[in-house]
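Residue numbers (my numbering): 264 to 477.
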Amino acid sequence: MKYIQLPVNPFSMNCYFYFDEVSKEGVIFDPAAYDEYEMENIRQIIKDHSIKIKYIINTHGHIDHILGNKFAKDYFDVPILMNEKDMVFYKNTEKQKKMYGLDFPALPPVDEFIDENSNISVGDIEFKILHTPGHSPGSLTFIDDKYKNIICGDVIFKDSIGRTDLPFGDYHELMNSIDNILLPNVKDDYTLLPGHMDITTVGREKQLNPFIAE
Ligand SMILES: [Zn+2]
Numbered sequence: 264m265k266y267i268q269l270p271v272n273p274f275s276m277n278c279y280f281y282f283d284e285v286s287k288e289g290v291i292f293d294p295a296a297y298d299e300y301e302m303e304n305i306r307q308i309i310k311d312h313s314i315k316i317k318y319i320i321n322t323h324g325h326i327d328h329i330l331g332n333k334f335a336k337d338y339f340d341v342p343i344l345m346n347e348k349d350m351v352f353y354k355n356t357e358k359q360k361k362m363y364g365l366d367f368p369a370l371p372p373v374d375e376f377i378d379e380n381s382n383i384s385v386g387d388i389e390f391k392i393l394h395t396p397g398h399s400p401g402s403l404t405f406i407d408d409k410y411k412n413i414i415c416g417d418v419i420f421k422d423s424i425g426r427t428d429l430p431f432g433d434y435h436e437l438m439n440s441i442d443n444i445l446l447p448n449v450k451d452d453y454t455l456l457p458g459h460m461d462i463t464t465v466g467r468e469k470q471l472n473p474f475i476a477e
């Protein structure tokens, strides 16, 4: 297993390539490239590592995570997966484009809605999915128990947590997701791959993250 973190777009959102180094099969989380330079970076990484992407996965439906879906769908031609509860954002991108002063092509439909009962496996990688709402209603967390990695979108960050002041955000729901859904399912030596900023570990955040530390 190998993962590659690539920050993209004006929001410095982390796109992740996550793949099996033997079969080369993998998934791409939030391929939200905004300009041609970023799209070319994604294509180059795919070529350099000969990755065969099987799914485009959106950790949640916020604009900084989905704005590259047209590019990704055209390039990879594989299903787009997301939780249905975040369609409220997905369907509303024209308005958000104006609000944020962004320009990107209309999004293709989500191909499959996924939730905590879905199974995703590619190569020798298997993801357990948790529904971890609060930052957004449809925020999902993907856990690879074999390699001890967590793709958590904007649920937890190094030293912080996801915003809850956006529409449909809920601080208490987010803390419940972290304390009672996410953390009980993982151990201190698991790596957290968040949607913004640096990669960290569960143990480090339990100790130092002011929102999580006891
Ligand atoms: Zn977000």
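Glycine included, each C-beta is placed from N, C-alpha and C at the ideal position.
Because the structure is a prediction, the values reported are computed rather than measured.
Per DSSP, residue 365 lies in no alpha helix (DSSP H) and is assigned neither H nor E.
Shortest gap from the CB of residue 456 to any heavy atom of ligand 1: 8 Å or more. Of the other Cβ atoms in all chains shown, 16 or more fall within 10 Å of the Cβ of residue 412; this residue is therefore buried.
Counting along the chain, the unbroken alpha helix (DSSP H) around residue 303 starts and ends at 299-312.
C-alpha of residue 476 to C-alpha of residue 306: approximately 39 Å in a straight line.
By alpha-carbon distance to residue 283, the top candidate from 388, 455, 421 is 388. By the Cβ neighbour-count rule, residue 435 is exposed, with fewer than 16 other Cβ atoms within 10 Å of its own.
As the crow flies, the alpha-carbon of residue 444 is around 11 Å from that of residue 392. Collapsing the DSSP output to three states places residue 396 in coil.
Short note on residue 433: C-beta not closer than 8 Å to any heavy atom of ligand 1. Across the structure, residue 376 and residue 472 are spaced so that their CA atoms are roughly 32 Å apart. Residue environment for residue 272: buried (at least 16 other C-beta atoms within 10 angstroms of its C-beta).
Straight-line spacing of the CA atoms in residue 418 and residue 384 works out to 22 Å.
Pairing residue 454 with residue 329, the inter-Cα distance amounts to about 23 Å.
Excluding five sequence positions before and after residue 289, the CB atoms of its chain that fall closer than 8 Å to its own CB belong to 280, 281, 282, 283, 314, 315, 316, 317, 385, 386, 388, given in chain order.
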